[in-house]
């Protein structure tokens, strides 16, 4: 197994990739369920999970089974590009699940499980972006990162997180409720928030590649704190990338003739109307 830093670099790269990978088409049925409150799924899912596992440790097994049952279909939808028939996508997902199961505990098995988990987050991110307004989702991303940071630095996350991370389904079935590679771990929510960020950028036609690089840069710098601690809130770099991107967009919008965050040209108030980001 590789050491912590190479393992951590792989997880950070996957998190950043989720910001720029294309998201699947969300089902049309979601159009009838829009609302600002859906944005609270982000901090609410984190808070509810930690509270349940802290009060009822046995629920960690339930989360393990929930991830095992729901994650492969969600991964299929990501590969298929939405709710459509794609036999090749189904074959790939079955192969990944089989590899994750057969090679349980090895790098190849962890890589397969990580791929399934990451793909499932793309689907959930696309669905959430269809349900909630992008501005509300931006608030939800920051709120989730703040809650995560408070829980980690107040030592309120460590015990329930350890219980959830050590929950294992029987018969060597893969653990899909987390992201694991080598010596490093990330929670499911750490990848989910990155996928939502990418879906928000896509909805606004903004440059996701630049946002992915920002996410990776903030995550790499932030993870230097591992030299002093054993656990960090991996949602924070995503929120920082969102805030930095928004600040850069506002700054460039005030400058005439500059290229904005979305790649569109900003013109002065004296010139003709142009595309706003």
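In the working numbering, the protein residues as written are 31 to 307.
Even glycine gets a Cβ: it sits at the ideal position worked out from N, Cα and C.
Just so we're clear, the structure is a prediction, and the values are computed from it rather than from any experiment.
- Fewer than three beta-carbon pairs drawn from the segment 129 to 139 and the segment 83 to 91 are found closer than 8 Å, and the two stretches are therefore not classed as touching.
- In the three-state DSSP reduction, residue 63 falls in the coil class, being neither helix nor strand.
- In its chain, beyond the 5 residues on either side, 174, 177, 178 and 219 have a beta carbon closer than 7 Å to the beta carbon of residue 76.
- The Cβ-Cβ distance between residue 227 and residue 49 falls below 7 Å.
- Residue range 208 to 211 is occupied by the beta strand (DSSP E) that includes residue 209, with no alpha helix (DSSP H) assigned at that position.
- DSSP, reduced to helix, strand and coil, places residue 214 within a strand of the structure shown.
- In the DSSP assignment, residue 244 falls within the unbroken alpha helix (DSSP H) covering 238 to 252.
- DSSP, reduced to helix, strand and coil, places residue 134 outside both helices and strands of the structure shown, so it counts as coil.
- For residue 38, the enclosing alpha helix (DSSP H) starts and ends at 34 to 50.
- Secondary structure at residue 102: helix, using DSSP grouped into helix, strand and coil.
- Look at residue 190 here: in three-state DSSP terms it is helix.
- The C-beta of residue 73 has 16 or more other C-beta atoms within 10 Å across all chains shown, which makes the residue buried.
- DSSP places residue 183 in the uninterrupted alpha helix (DSSP H) bounded by 164 to 183.
- Look at the beta carbons and you see the segment 198 to 217 touching the segment 35 to 43: at least three pairs across the two are nearer than 8 Å.
- Between residue 206 and residue 101, the C-beta spacing is below 7 Å.
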